[in-house]
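In terms of the numbering used here, the sequence shown has 1348 at position 48, counting the first letter as 1, and numbering is strictly consecutive.
To keep things clear, I will list the structure first and then write my remarks on it.
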Amino acid sequence: MTDAALPPDRADGPPRSRLWLEFAALFFAVPLAMWFWFGAYSLFGVLWLLTLVALGLLALTPDFSWRALLRLGGRRDWLIALGFTVVTALVCLVAVLALRPWALLSMPMDRTGLWLMILTLYPPLSALPQEIIYRTLFFERYRRLFPDARVAVLANGAAFGLGHLFFMHPLTIAMTACGGAVIGWAYLRSGSTLLAVAMHSAAGLIVFTMGLGVYFYSGAVGRGF
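In structure tokens:
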């Protein structure tokens, strides 16, 4: 995977009209439906159902190799991930001091057991399936819908932000859209799902550690934060 522009169509792939229909259903219609019917379904159930759909679509994608899921990326890619982690920590620190200063580090200090559980379960149960959908599937199957790499990255960030619409808070949507665009760019240059999962996991764990978890916890939706 590189950030070079791709040709507008390929003879060995599905027609662009079909790809656009799939793209609109997965990254537009589904998030809107999740927002509209929020509370009437299991969030993790839907997430893993979509992950199975994503894996099925990847299996139908020409030239996709399952080995790509184990690609590590290069040293520079991981340095980018480290920089992303540092910037995320600084942004979260500023946000929590501005919005909820009393909550700074409250979870690791006051709810240590829950915090340790999140540290353990968040990467495999939340970050991994989301990255398969929003990075691996997005770029491996739908990349040719966006020949310009910059447009592809912006579209990826927008799709990731829309995927969190059901949280119904501008901070959540803004942070996921911006973070998603950076992770999308990192995936586009590295082709590494593992790198994307690591970046997503680091961001999520920082959010909960710093005290912003209420904006990313579905049980808080509708409580006014």
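Cβ coordinates follow ideal geometry from the N, Cα and C atoms, glycine included.
Our two residues, Ala-1324 and Leu-1350, have alpha carbons roughly 14 Å apart in a direct line. With a cutoff of 8 Å on beta-carbon distance, Gly-1491 and Tyr-1434 are scored as not near each other. Inclusion of Phe-1460 and Thr-1476 in the CB contact set at 8 Å is warranted, their separation being smaller than that value.
Cβ-Cβ separation between Arg-1400 and Gly-1504: approximately 17 Å, too far for a contact (criterion under 8 Å). Annotation: the stretch 1403 to 1448 contains the following complete segments of the alpha helix (DSSP H) (minimum length 4 residues), in chain order: 1406 to 1410, 1412 to 1422, 1428 to 1431, 1438 to 1442. Under the 10 Å beta carbon count, Arg-1376 is surrounded by fewer than 16 other beta carbons and is classified as exposed. In this structure, the straight-line span from the alpha carbon of Ser-1406 to that of Glu-1440 is close to 39 Å. Note that the C-beta distance between Pro-1331 and Leu-1454 is not below 8 Å. Following the DSSP letters along the chain, one finds His-1500 inside the alpha helix (DSSP H) bounded by residues 1493 to 1510. Inclusion of Arg-1367 and Leu-1494 in the CB contact set at 8 Å is not warranted, their separation being larger than that value. A distance below 7 Å between beta-carbons, with the five flanking residues on each side excluded, links Val-1507 to the following residues of its chain, in chain order: Cys-1392, Gly-1513, Phe-1516. Closest option to Phe-1364, judged by alpha-carbon separation, among Thr-1436, Pro-1470, Phe-1344, Ser-1518: Thr-1436. Residues Ser-1501 of the same chain have their beta carbon placed closer than 6 Å to that of Pro-1423, with the five preceding and five following residues left out of the count.
In the three-state scheme derived from DSSP, where H, G and I count as helix and E and B as strand, Met-1468 is classed as coil.
Each of Leu-1347, Ser-1342, Pro-1315 was checked against the Cα of Ala-1427, and the nearest Cα belongs to Leu-1347. 8 Å or more divides the Cβ of Ile-1432 from the Cβ of Leu-1343. In this structure, the beta-carbon distance from Leu-1319 to Tyr-1442 falls below 8 Å. In this structure, the CA atom of Ala-1329 is about 35 Å from the CA atom of Leu-1397. Per DSSP, the continuous alpha helix (DSSP H) segment holding Leu-1357 begins and ends at 1343 to 1359.
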